[in-house]
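Under the working numbering, the residues of the sequence shown are numbered 1 to 508, in order.
Working notes for the structure below.
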Amino acid sequence: MRDALRTMLVWCPDWPVIAADLVDGVPADRPVAVLHANRVVASSATARAEGVRRGLRKREAQARCPQLIAVDHDPVRDVRAFEPVLAAVEQVAASVAVLRAGVCAFAARGPARYHGGEEAAAERIVEQVAQECRVEAQIGVADGTFAALLAARTGRIVPPGQTPQFLAALPVATLERPQLVGLLRRLGITTLGAYAALPPGDVLARFGLDAALAQRLAAGRDDRPLAVRQAPPDLEVDERFDEPVDRVDTAAFAARALAERLHERLAGYGMACTRLAIGAVTADGRELHRVWRHDGILTAGGIADRTRWQLEGWITQRRLNQGIVALRLIPDGLVHQVGLQAGLWGDPGAERDRAHRALHRVQGILGPEAVVTAVLGGGRDPREQATLVPWGDERIAARAAGPWPGRLPPPSPAVVLDQPQPARLLDASGQVVGVSARLELTADPARLMLDRGPAEVVGWAGPWPVDEQWWDSRRSVRAVRLQVLLADGRALLLTLAAAEWTITLHFD
C-alpha cells in the first residue's frame with residue numbers, strides 16, 4: 001500500500017464570493033452571501049462579522065445582516081474565474097489537480113526541491129497568484145490531499161510523518177459528510193482520531209464504502225495519487241467533432257453525451273472513479289489538459305458537470321483562436337463500486353438522472369403539462385412572480401423582472417397559499433386591529449386568532465398599501481399588507497381587504 005503523497009494545496013478562501021466579484025462585479029469587501037437552495041454556502045468576511053454563516057437560511061442571514069447582498073450560486077462562474085489562478089499556479093508547479101473551484105493541489109516534492117524547501121515554494125506560489133490574479137491564496141502542506149486542505153485553512157506546513165497527529169484532534173465535521181457526521185456524533189464519536197481508531201472492517205460493513213474511505217482520510221492514510229496515471233485503454237472515451245466547438249451550449253451537449261458513455265463503460269466493469277482527467281485539442285493543434293478530483297465517487301452527473309465547467313472555462317477564459325475538435329475523458333482513482341446509494345435529489349448523479357427520465361416518461365403518457373417547474377419573474381404579488389412551465393421547456397419568465405414599485409422586500413416567502421386563510425388580528429385589549437387613512441395601525445398587534453386558536457404576536461413590520469389597476473373597477477386591488485412574527489417562530493404575511501384580515505404567505 002502506498003504512503004500518503006506529500007501534497008501542497010492552494011486554497012482561495014471564500015471563492016464563490018471572489019468569483020462573483022471577478023465575473024459579475026459584486027464587491028467582495030461588502031457583506032455578501034452566496035446562496036444555494038435558499039441556504040448560505042459562502043459568505044464574505046464582512047458578512048461573517050455580522051454573524052452570517054454557512055448553512056443559514058436566507059431569511060435568518062438577512063435578519064442578522066439587513067444590508068446583505070445575496071448572490072445565487074453559479075458553479076460555472078466559479079470555474080471560469082478560477083482558470084487564471086490555475087494558470088498562475090502552473091507557472092510554478094506541474095501536474096496541478098483541481099479539487100473544486102478555488103482549490104487545487106500538486107505533489108510538493110518538485111517545487112520544494114527547485115525553490116529550496118516547502119516554505120519557500122509556498123511563498124513563491126502565493127506571490128505568483130497575487131501578482132497574476134490579485135487574489136488571496138493560502139497554502140497547506142501535509143501527507144495527503146485531505147490533510148493538506150485542512151492545513152491550508154490555517155496556512156500550516158505539517159512536518160512529514162506527523163499528519164495523523166495533526167488530524168486526530170480535529171472535529172469529524174471536517175469530513176464534510178453531513179449524514180455520516182450526524183451519525184458519528186450520535187454515537188459519541190466527535191474527533192477524527194476517535195473515528196480513525198474504529199476497526200476498519202466494522203466501519204465498511206456497517207456504514208459502507210464512502211464511510212470507509214472517510215475513515216482512511218481521518219487516519220491520515222490518504223494514498224490517492226494526484227498525478228493522473230494511465231487508465232486501462234478500454235476505459236477512456238473520446239470524441240472528435242466534424243465542426244470545431246466554440247460555443248458553450250454546444251460544449252455542454254458534447255460533455256453530457258461523452259460523460260454518459262464513460263459512466264456506462266465504468267459501470268460495465270463494476271467500477272467508479274474519484275478523479276477525472278479532461279483533455280481537448282483545438283483546431284490549430286493546441287492541447288489542453290486538466291485534472292478534477294472528488295472526495296467521493298464521481299457519478300454520471302458529476303462527470304458531465306465537471307466536463308462542462310472545464311470546457312466553458314477553456315472557451316471563455318482562454319479566448320481560443322480555434323474551436324475544440326477533440327475531447328477525451330480519462331478516469332482515474334478507480335475503485336470498485338459496491339452499492340453506494342445517494343439521495344434522490346442530492347448531488348447530480350445516477351439517481352437524479354433516473355428521476356429526470358421518469359419525469360419525461362410521465363410527460364409522454366399524460367402530456368407535457370403533467371410535469372411542470374416554477375420560473376421566477378416579476379410582479380408585486382408573490383403569487384404573480386412564479387410561472388409554471390412544462391418540464392424540459394425553456395425557462396423564461398412570463399413577466400419582466402422589474403422594477404415593481406410596491407413589491408414585497410426580501411426574503412421571499414416559502415409558501416404561497418392558493419386560498420387565503422381567514423384570521424383576526426387583535427390588540428392587547430381584544431379589539432380588532434385596523435389601518436387608518438394615514439396607513440397607520442390603530443393599535444399594536446398582540447394576538448392572531450386562527451382556526452386552531454390564538455397565537456401571540458411578538459413582532460411585526462408594515463403596513464404596506466397595495467393599490468393596483470385602480471382604473472379598472474372589475475380588476476382593481478386595494479389592500480394593506482402586514483408581516484407578523486409569532487411566538488412559535490412562524491412568520492406570516494397578512495392582508496387586510498374589505499375590513500377582513502387573511503393569511504396569504506408563510507415565510508421560512
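From the three backbone atoms N, C-alpha and C, an ideal C-beta is built for every residue, glycine too.
No experiment lies behind these values; they were computed from the predicted model shown.
Is the distance from the Cβ of residue 290 to the Cβ of residue 98 below 8 angstroms? yes
Mind checking whether residue 144 and residue 220 have CB atoms under 8 angstroms apart? yes
Kindly indicate which residue of 53, 77, 484, 210 has the alpha-carbon position closest to the one of residue 68. 53
If you pair each beta-carbon of the segment 257-264 with each one of the segment 56-73, do three or more pairs fall below 8 angstroms? no
Return the residue from the list 50, 15, 16 that minimises the CA-CA distance to residue 31. 50
What residue range does the alpha helix (DSSP H) around residue 110 cover? 109-115
Put residue 499 into one of helix, strand or coil per three-state DSSP. coil
Relative to the C-alpha of residue 101, which candidate in 140, 139, 159, 12 has its C-alpha closest? 12
Which residues bound the beta strand (DSSP E) around residue 239? 237-245
Can you list, in chain order, the residues of its chain with a C-beta nearer than 8 angstroms to that of residue 372? Leave out the 5 residues immediately preceding and following it. 388, 389, 390, 391
Tell me residue 273's beta-bridge partners as DSSP assigns them. 298, 334
Only counting the same chain, and skipping five residues up and downstream in sequence, which positions put a Cβ closer than 8 angstroms to that of residue 191? 168, 169, 170, 171, 172
Leaving out five residues on either side along the sequence, give the residues of the same chain with a beta carbon under 7 angstroms from the beta carbon of residue 200. 212, 215
Measure the CB-CB distance between residue 462 and residue 481 and report whether it falls below 8 angstroms. yes
Considering just the uninterrupted stretch of the beta strand (DSSP E) at residue 46, what are its terminal residues? From DSSP, residue 46 is part of no beta strand (DSSP E) but of the alpha helix (DSSP H) over 45-49.
Please give me, in chain order, every unbroken run of the beta strand (DSSP E) with length at least 3 that falls completely inside the segment 148-232. none
C-alpha gap between residue 43 and residue 307, whole angstroms: 27 angstroms
What do you reckon, are the CB atoms on residue 126 and residue 71 nearer than 8 angstroms? no
Roughly how many angstroms lie between the CA atoms of residue 95 and residue 107, to the nearest whole one? 8 angstroms
Quick one: what's got a C-beta closer than 8 angstroms to residue 244's C-beta in the same chain, skipping five residues either side? 282, 283, 322, 323, 324, 325
Near residue 161, what residues of its chain come up, given a Cβ to Cβ distance below 8 angstroms and the 5 sequence neighbours on each side ignored? 143
On the three-state DSSP scale, how would you describe residue 453? strand
CA nearest to the CA of residue 165, picked from 193, 138, 152: 193
Beta bridge counterpart(s) of residue 18 as assigned by DSSP: Paired residues: none, contrary to the question.
Along the chain, where does the beta strand (DSSP E) containing residue 387 start, and where does it finish? 386-390
Pair within 8 angstroms by beta-carbon distance, residue 433 and residue 439: no
Assigned secondary structure, residue 267 (DSSP; H/G/I helix, E/B strand, else coil): helix
Just mark residue 195 as buried or exposed, buried being the case when its beta carbon has 16 or more other beta carbons within 10 Å. buried
Starting from residue 78, follow the beta strand (DSSP E) in both directions and report where the run begins and ends. First-last for residue 78: 75-90, but that is the alpha helix (DSSP H), not the beta strand (DSSP E).
What whole-angstrom Cβ distance do residue 298 and residue 267 have, given they're in contact under 8 angstroms? In fact, because the Cβ distance is near 12 angstroms, the residues do not count as touching under 8 angstroms.
Under three-state DSSP, which class holds residue 421? strand
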